[in-house]
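Enquirer:
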Amino acid sequence: MLKKDTEKQMKLFSGTLEELMPKEHFLRDLDRLVDFNFIYEKVENLYSDTGRPSVDPVVLIKMLLVGYLYGINSERKLEQEIQVNIAYRWFLGIDLDECVPDHSTISQLRRRKFDGTTLFRDIFDEVVRKCIEAGLIDGKLLLTDSTHIRANARNDLREIIEVPDTPTEYMQKLDREAYELGLIKEPVEYDETKTKEITKSTTDPECGLMKRPGKPLGFHYLDHQTCDSKHGMITDVYVTAGNVHDSTPHTKRLEYQIDKFGFKTEAVCADASYDSGEVHNAMLERNIKTFIPERTRSGVPNYESDFDPKVFVYDEERNLYICPAGKELRYSGYRKKDRRKRYTAQKSDCSSCPYREKCNGTSKNPRTIDRTLHEKARSVQRENIDTPEYLAAMRFRQIWCEGNFSHQKANHNLRRTLKRGIERVTEQCLLSACALNLKRLVKLL
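Take 2 as the starting number for the sequence shown in the numbering used here and just add one per residue.
#1: By DSSP, does A242 sit in helix, in strand, or in coil?
#2: For Q226, list the residues DSSP reports as bridge partners.
#3: Please return the same chain residues whose Cβ sits closer than 7 Å to the Cβ of D50, not counting the five positions on each side in sequence.
#4: Give the straight-line distance between the Cα atoms of N46 and I40, rounded to the nearest whole angstrom.
#5: Alpha carbon to alpha carbon, how far is V59 from L21? Give it in angstroms, no decimals.
#6: Among A411, V44, Y315, S333, whose alpha-carbon lies nearest the alpha-carbon of E376?
#7: According to the neighbour-count rule (16 or more other Cβ atoms, all chains shown, within 10 Å of its Cβ), is Q10 buried or exposed?
#8: Where do the ends of the alpha helix (DSSP H) carrying A411 lie?
#9: At a Cβ threshold of 9 Å, is L66 touching chain B?
#10: Taking only runs of the beta strand (DSSP E) that begin and end inside the region 158-228, which ones reach a length of at least 3 residues, in chain order?
#11: When we look at the beta-carbon of G327 and count the other beta-carbons within 10 Å, is it buried (16 or more) or exposed?
#12: Roughly how many whole angstroms lie between the Cα atoms of L392 and D272?
#13: So Q1 and T291 are in contact, right, with Cβ under 8 Å, and what is the actual spacing, rounded?
#14: When you compare the CB positions of C132 and N412, do they come within less than 9 Å of one another, or not?
#15: Near G117, what residues of its chain come up, given a Cβ to Cβ distance below 8 Å and the 5 sequence neighbours on each side ignored?
#16: Excluding the 5 residues preceding and the 5 following R398 in the sequence, name in chain order all residues of the same chain whose CB lies nearer than 6 Å to its CB.
#17: Enumerate in chain order the residues of its own chain whose CB-to-CB distance from S299 is below 8 Å, with the five nearest sequence positions on each side excluded.
#18: Going by other Cβ atoms of all chains shown within 10 Å of its Cβ, with 16 needed for buried, is D126 buried or exposed?
#19: So is P302 buried or exposed if we call it buried at 16+ other beta carbons inside 10 Å?
#20: In terms of residues, what are the limits of the alpha helix (DSSP H) holding I323?
#21: Give a yes or no on contact between the region 67-86 and the region 94-107, applying the rule of three or more CB pairs nearer than 8 Å.
#22: Indicate the three-state DSSP secondary structure (helix, strand or coil) for T291 in the structure shown.
#23: Please report the distance separating the alpha-carbon of E76 from that of L419.
#24: Which residue or residues does DSSP assign as beta-bridge partners of D316?
#25: Among D350, K359, A378, which residue has its Cα nearest to the Cα of P367?
#26: Could you say which of T17, A436, R343 lies nearest to I95 if we only look at CA atoms?
#27: What would DSSP say about L285, mapped onto helix, strand or coil?
#28: Quick test of the definition: if touching needs 3 or more C-beta pairs under 8 Å, does the region 430-437 touch the region 215-235?
#29: Count the other C-beta atoms from every protein chain shown that fall within 10 angstroms of the C-beta of Y89, then say buried if there are 16 or more, exposed otherwise.
#30: What does DSSP give as the partner residues of I107 in its beta bridges?
#31: Could you tell me the boundaries of the alpha helix (DSSP H) in which Y257 lies?
#32: Looking only at its own chain, which residues have a Cβ that is under 6 Å from the Cβ of E267, when we skip the five neighbours before and after it?
#33: Does the distance from the CB of F220 to the CB of N156 come in under 9 Å?
#34: Hey, K231 and I138 are a contact pair by Cβ (cut 8 Å); roughly how many whole angstroms apart?
#35: Secondary structure at E329, three-state DSSP: helix, strand or coil?
#36: How many Å lie between D36 and Q429 at the Cα?
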């Protein structure tokens with residue numbers, strides 16, 4: 002029999018928020034497992050002892066987390082959702098007859114109090130510590146990768162500007178080592194007036210123009226994340242402009258989290274874009290293995306496989322190379338431009354060698370080999386390639402690093418940024434990583 006609901010009269014209801022909240026709900030589990038009162042200590046120095054009482058900072062931070070947990074990327078929409086959602090109100094402690102904090106309150110607090118602080122970094126670190134205490138992170142194998150995030154900037158609004166062209170910190174470190182080893186006679190002095198041209202967005206000057214094979218061309222940020230192999234928990238988040246190479250911040254970020262959380266790290270893993278002498282050497286000094294495939298470098302001659310530089314044997318005691326024909330390549334000088342030691346064969350040896358054409362092509366010059374200052378560390382670490390541990394680590398990296406990025410972009414507001422500037426985008430990436438860690442923590446516990 003067809004039934005139609007007739008117009009109903011509104012009736013008075015007497016009940017509590019606790020009664021309306023479902024007994025089984027993710028936010029109930031999260032509230033039981035994580036005490037967010039640690040936020041009071043993090044923000045205490047940002048508030049005055051006098052004046053009108055503020056909106057509870059724990060409520061504001063938890064509001065932001067709700068947005069990232071449930072993929073609500075607009076603070077205005079977040080306010081509207083909390084207004085009608087019983088579970089959100091229960092989690093935030095906002096009763097049915099109470100007003101939800103206005104979306105502009107979050108914006109003003111971010112601008113007036115939270116900008117220039119480490120608040121969101123501190124909150125992320127605290128969540129990581131809780132995961133460590135729960136036994137969900139052991140830090141033995143750390144996996145690193147990066148993903149691009151579309152900047153909130155039009156690609157056609159750009160300008161060419163000049164910026165200082167100074168070597169990276171690692172290159173400067175190599176110059177200091179070269180001087181200490183006596184490879185160069187005087188400390189290197191850098192031309193402070195030297196500049197280079199780069200393309201900058203006029204809308205968001207802090208993003209970078211990304212031009213990578215297989216990646217979208219345009220203004221982006223890069224979110225560099227490290228996660229633990231045990232359960233894929235994210236242990237570090239670092240944001241750079243889209244034109245920064247992956248390997249540039251890698252070593253410092255690994256050292257940062259290992260020291261901060263006291264990890265007893267045995268190995269680190271990343272893809273070929275992180276292959277640099279800096280990370281191989283830094284990790285070897287800490288007795289940590291690197292599982293990083295070798296990167297194909299542009300500008301390196303394409304020799305026949307039998308005469309690849311790898312088949313030239315380095316004699317460390319005599320500081321020379323021996324070629325497959327048994328001839329010696331002796332140290333001939335240090336190349337300041339690319340920070341490499343050069344080893345050169347005798348011209349007479351090459352001219353009379355039966356393998357000359359295969360080894361050196363049609364060149365009339367003798368064969369040369371360039372060696373980086375940290376080539377020994379690189380060689381030691383490359384012995385790890387294709388071992389069972391290496392293959393297992395690369396599989397974990399694909400599952401956790403790429404899986405985390407995919408999940409964050411689909412569910413936790415990481416597909417693109419509505420914010421501008423490194424600080425605001427870092428906040429977005431940290432909260433997205435927090436949301437993923439909290440969801441996984443609740444699921445596992």
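Beta carbons are placed, not taken as given, at the ideal position from N, Cα and C, and that holds for glycine.
Expert: Straight from the coordinates:
#1: Judged by DSSP in its simplified three-state form, A242 adopts strand.
#2: D146, V238
#3: none
#4: Roughly 11 Å between the two C-alpha positions.
#5: 23 Å
#6: Y315
#7: exposed
#8: 404-412 is the extent of the alpha helix (DSSP H) around A411.
#9: Judged by its chain identifiers, the structure shown contains no chain B, having just a single protein chain.
#10: Whole beta strand (DSSP E) segments, 3+ residues: 159-165, 196-202, 209-211.
#11: exposed
#12: 12 Å
#13: Look at the range of the chain in this structure, 2 to 446, and you will see that residue 1 is not part of it.
#14: Here C132 is not near N412, since their CB atoms are 9 Å or more apart.
#15: E424
#16: L144, C270
#17: At S299, the pLDDT of 49 sits below 50, so the modelled position is not reliable and the matter cannot be decided from this model.
#18: buried
#19: With a pLDDT of only 45 at P302, under 50, the local geometry of the prediction cannot be trusted, and the value read off the model is given with reservation. Exposed, by the Cβ-count rule.
#20: Following the DSSP letters along the chain, one finds I323 in no alpha helix (DSSP H) but inside the beta strand (DSSP E) bounded by residues 321-323.
#21: yes
#22: strand
#23: 11 Å
#24: Checking the DSSP bridge columns, you'll see D316 partnered with L321.
#25: D350
#26: T17
#27: helix
#28: yes
#29: buried
#30: Answer is none; I107 lacks a bridge partner.
#31: Its alpha helix (DSSP H) spans residues 251-262.
#32: For E267, the CB contacts under 6 Å within the same chain, skipping 5 residues up- and downstream, are K141 in chain order.
#33: yes
#34: 6 Å
#35: strand
#36: 22 Å
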